[in-house]
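End of the sequence shown sits at 208 in the working numbering; the numbers just go up one at a time, nothing left out. From the three backbone atoms N, C-alpha and C, an ideal C-beta is built for every residue, glycine too. Below you'll find the structure, written out as structure tokens, and then a few comments.
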Amino acid sequence: MTNTSSSSASFTNTDSLSDSDDTWITRFHSRAENSGLIVIHDSFLQDKFNLVGLMRYIANLSRSFDVIKNKMPSRNKKEETLLYYLVHQRYILTNTGMEKMLERVIQHFYGDCRRMGCEDIPLIPLGLSNNPKISSVKLYCYNCNNVFDPDNSLSELDGCSFGSSFAHLLILTHKENFQKKKYGSYIPRIFGFRIYEEKDNS
Numbered sequence: 007m008t009n010t011s012s013s014s015a016s017f018t019n020t021d022s023l024s025d026s027d028d029t030w031i032t033r034f035h036s037r038a039e040n041s042g043l044i045v046i047h048d049s050f051l052q053d054k055f056n057l058v059g060l061m062r063y064i065a066n067l068s069r070s071f072d073v074i075k076n077k078m079p080s081r082n083k084k085e086e087t088l089l090y091y092l093v094h095q096r097y098i099l100t101n102t103g104m105e106k107m108l109e110r111v112i113q114h115f116y117g118d119c120r121r122m123g124c125e126d127i128p129l130i131p132l133g134l135s136n137n138p139k140i141s142s143v144k145l146y147c148y149n150c151n152n153v154f155d156p157d158n159s160l161s162e163l164d165g166c167s168f169g170s171s172f173a174h175l176l177i178l179t180h181k182e183n184f185q186k187k188k189y190g191s192y193i194p195r196i197f198g199f200r201i202y203e204e205k206d207n208s
């Protein structure tokens, strides 16, 4: 993994949320660290089938779900937030979620790759694991195959909110939007002469 920050992106959640609705979800998305996430469609949240298998991560799954749906007051912010992250990971793999994410990516919402030759290549959010508490969100460049640490509020998100499959599935299903271009490597020179690099025969 390349430990280099991506170019900065100004995060503004462009999904439609009514400012007049004081709900758990509107408050959640109003926080800067969550602006990199898209709003999960209500119909997806309503389907409890989308919660299958999450009980191993969330002790009070039913209660946390009711809090997110604004049926109960918040009691455990960490569990409620983690639940939303994990459901978000699943939502962005649906056609609707992926289309929303595609729009953000091609608009360079998450910034551009900084590698020489990758100018204007949009970065894609990536989790190193589908499981929580493994790492924060990273940014993936499909052109040079490097992974970067964000240099903005996105770095505060748990990588499980995007998971390890989304970025690659997005590229696979929308190849026309992710055409690779050639990139060069920097050649070190002294007074115009290329430096001879001794090969390592070990």
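For R96, the number of other beta carbons within 10 angstroms of its own is at least 16, and it is reported as buried. Distance check between R120 and each of T87, D155, H35, G133 places D155 closest, using alpha-carbon atoms only. Here M107 has I44, I98, L176 as same chain residues with Cβ atoms under 7 Å from its own Cβ, once five neighbours each way along the sequence are excluded. Rounded to whole angstroms, K186 and K77 show a C-alpha spacing of 47 Å.
In this structure S135 touches G165 by the C-beta definition: roughly 6 Å separates them, less than 8 Å. In the DSSP assignment, L132 falls outside any alpha helix (DSSP H) and lies within the beta strand (DSSP E) extending over 130-132.
The C-beta separation of G133 from S170 comes to about 5 Å, placing the pair in contact by the 8 Å criterion. As a beta-bridge residue in DSSP terms, R195 pairs with R200.
Residue state for F71 is assigned as helix, using DSSP reduced to three classes.
I31 and K54 have their alpha carbons spaced roughly 17 Å apart.
For Y146, the enclosing beta strand (DSSP E) begins and ends at 144-146.
For the alpha helix (DSSP H) assignment, the uninterrupted runs of no fewer than 4 residues enclosed by the region 70-120 are, from N- to C-terminal side, 83-97, 101-112.
Where T29 is concerned, there is no enclosing alpha helix (DSSP H), because DSSP gives it neither an H nor an E. Looking at the backbone, the Cα of E182 and that of N82 are separated by about 43 Å.
By the neighbour-count criterion, in which a residue is buried when 16 or more other Cβ atoms sit within 10 angstroms of its Cβ, L178 is exposed. By the CB criterion at 8 Å, P131 and Y116 fall inside the cutoff. If you draw a straight line from the Cα of S161 to the Cα of G42, it comes to about 10 Å.
DSSP places F50 inside the alpha helix (DSSP H), whose first and last residues are 48-52. Nearest C-alpha to P128 among R37, V111, L67, L89: V111. Note on geometry: alpha-carbon atoms of E85 and E125 lie some 39 Å from one another.
Secondary structure at F154: strand, using DSSP grouped into helix, strand and coil.
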